[in-house]
Amino acid sequence: MTVIGSIDFIVGEKIVTLNKGDVISLEGNVIHELKATEKSVVRLSLHKGDTVARVNAVLKL
633 MTVIGSIDFI
643 VGEKIVTLNK
653 GDVISLEGNV
663 IHELKATEKS
673 VVRLSLHKGD
683 TVARVNAVLK
693 L
């Protein structure tokens, strides 16, 4: 979750810009990178047993 600022979230050739309040999720073992485009704070949550379906369900609340 981007708490403050803006970042580019990169997976392969795809770049997604995340701004304050935006959330993204990935399957395990996906190579990715983050690049802050301004001063930013990002909250990272990891859970070995988590699933994309569960996170998507939470985001629909």
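Residue 633 is where the sequence shown starts when you use the numbering used here, and the numbers rise one by one after that. Glycine residues also receive a C-beta, built at the ideal position from the N, C-alpha and C atoms.
Which one of the options has the shortest CA to CA distance from residue i?
{"i": "histidine 679", "options": "Glu659, Ile639, Asp640 and Ile636", "result": "Glu659"}
{"i": "serine 677", "options": "Ile639, Ser657 and Thr649", "result": "Ser657"}
{"i": "glutamate 645", "options": "Leu666, Asn688, Ala685 and Thr683", "result": "Leu666"}
Considering residue i, what are the terminal residues of the beta strand (DSSP E) in which it resides?
{"i": "asparagine 661", "result": "Per DSSP, asparagine 661 belongs to no beta strand (DSSP E) and is neither H nor E."}
{"i": "valine 648", "result": "646-651"}
Leaving out five residues before and five after residue i in sequence, what residues of the same chain have Cβ atoms less than 6 Å from its Cβ?
{"i": "arginine 643", "result": "Looking at the sequence shown, residue 643 is not arginine but valine. Excluding positions up to five away in sequence, the list reads His664."}
{"i": "lysine 692", "result": "none"}
Taking the DSSP output, what are the residues bridged to residue i?
{"i": "leucine 666", "result": "Phe641"}
{"i": "valine 673", "result": "Ile636"}
Relative to the ligand PLP, is the shortest distance from any of its heavy atoms to the C-beta of residue i smaller than 7 Å?
{"i": "valine 662", "result": "In terms of ligand content, the structure shown is empty, and the ligand PLP therefore cannot be addressed."}
For residue i, report the span of its alpha helix (DSSP H) as first-last.
{"i": "valine 635", "result": "Looking at the DSSP string, valine 635 is not in any alpha helix (DSSP H); the run it does join, the beta strand (DSSP E), is 634-636."}
{"i": "leucine 678", "result": "Run containing leucine 678: none; DSSP gives neither H nor E here."}
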